[in-house]
Amino acid sequence: MSTVKEISIVDKQPTLSVVVLCYRAGESIIAFTDTLQEQLNRFEPNWELVLVGNYLVGSDDKTGEIITQLAQNNSKIKPIIKPKEGMMGWDMRMGMNAATGKYICVIDGDGQFPIDSIEKAYQYIKEKNVDLVKTFREARYDGAYRKFISFWYNVFFRILFPGLHSRDINSKPKIITQQAFKQLQLTSNDWFADAEIMLEVRRLQLSFYEFPVVFSQIKDRRSFVKVSAILEFVRNLITYRFRKN
1 MSTVKEISIV DKQPTLSVVV LCYRAGESII AFTDTLQEQL NRFEPNWELV
51 LVGNYLVGSD DKTGEIITQL AQNNSKIKPI IKPKEGMMGW DMRMGMNAAT
101 GKYICVIDGD GQFPIDSIEK AYQYIKEKNV DLVKTFREAR YDGAYRKFIS
151 FWYNVFFRIL FPGLHSRDIN SKPKIITQQA FKQLQLTSND WFADAEIMLE
201 VRRLQLSFYE FPVVFSQIKD RRSFVKVSAI LEFVRNLITY RFRKN
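What follows is the structure, given as structure tokens:
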């Protein structure tokens, strides 16, 4: 179990909330959160960690139990563990809605996005004085198929929604001010969630900044993104285009 010690902070409101999407992460989330806490203690000790371990009823996913133990050892960790009523978007909305920090960051807990990119995003959102900071995957090692799908998805996005100059809509981490987050009207329960955030940024004319990261490969499991999810992406983009624009 985690060996990272809790650092006490007087300020009641966290400066930075980090929402980690932990679906089916299992024991790997222990090392992930240990590394994350060590980094947070260095660059922003007044932090809150929201671990989202929602599960499918009847599955053998033990992530929720592991998250519960982590939270019992550190009062700065907030566990979100409920039977799933949606997929990634539902998890993300639950986690971000539970975050109380002045800045809210969201990242996947599988390690594909580098943990140290959270510190960079946090520095940029303060230095650039923008509403949101996100990454784009300058290099990615998750296979030719995923790169092909991501490329055309982003092309299709730019055609439907010109004027939003984002190179990689679905990339994380994303960090947003609490003030800006409260303005977003998020409803997605599925893989459209990242795109919906950026579409809300476009609708509200919020300011944002992007910086590059390297996206790693997951060797011990297959991607959760199926062909059906890709079709879902496209359908959601078209629906959003004609509903809100």
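Residue numbering for the sequence shown follows the numbering used here, starting at 1 and increasing by one per position. Using N, Cα and C, we set each Cβ at its ideal position, and we do this for glycine too.
Check: Look up A139 in the DSSP assignment and say whether it is helix, strand or coil.; Outcome: strand
Check: Among the residues of its own chain, which have a CB less than 8 Å from the CB of N189, if the five just before and after it don't count?; Outcome: E85, G86, M87, G89, W90 and R93
Check: Helix or strand or just coil, what does DSSP make of E196?; Outcome: helix
Check: Measure the CB-CB distance between A121 and F211 and report whether it falls below 9 Å.; Outcome: yes
Check: DSSP has T33 in a bridge; who is on the other side?; Outcome: For T33, which the question treats as bridged, DSSP gives no partner whatsoever.
Check: What residues in its chain sit with their C-beta under 7 Å from that of Q185, if we drop five residues either side in the sequence?; Outcome: E200
Check: Would you tell me roughly how many angstroms separate the C-alpha atoms of Q288 and L132, rounded to the nearest one?; Outcome: Lying outside 1 to 245, the shown extent of the chain, residue 288 is not represented and no answer is given.
Check: Which of the three DSSP states, helix, strand or coil, is assigned to F215?; Outcome: strand
Check: So the alpha helix (DSSP H) E65 belongs to, where does it begin and stop?; Outcome: T63 to Q72
Check: Where does I9 sit, in a helix, a strand or coil, going by DSSP?; Outcome: Note that I9 has pLDDT 48, beneath the 50 cutoff, so the model's placement of it is unreliable and the number below is only indicative. In this structure, I9 counts as coil in the three-state DSSP scheme.
Check: If you follow the beta strand (DSSP E) that S207 is in, where does it begin and where does it stop?; Outcome: Per DSSP, S207 belongs to no beta strand (DSSP E) and is neither H nor E.
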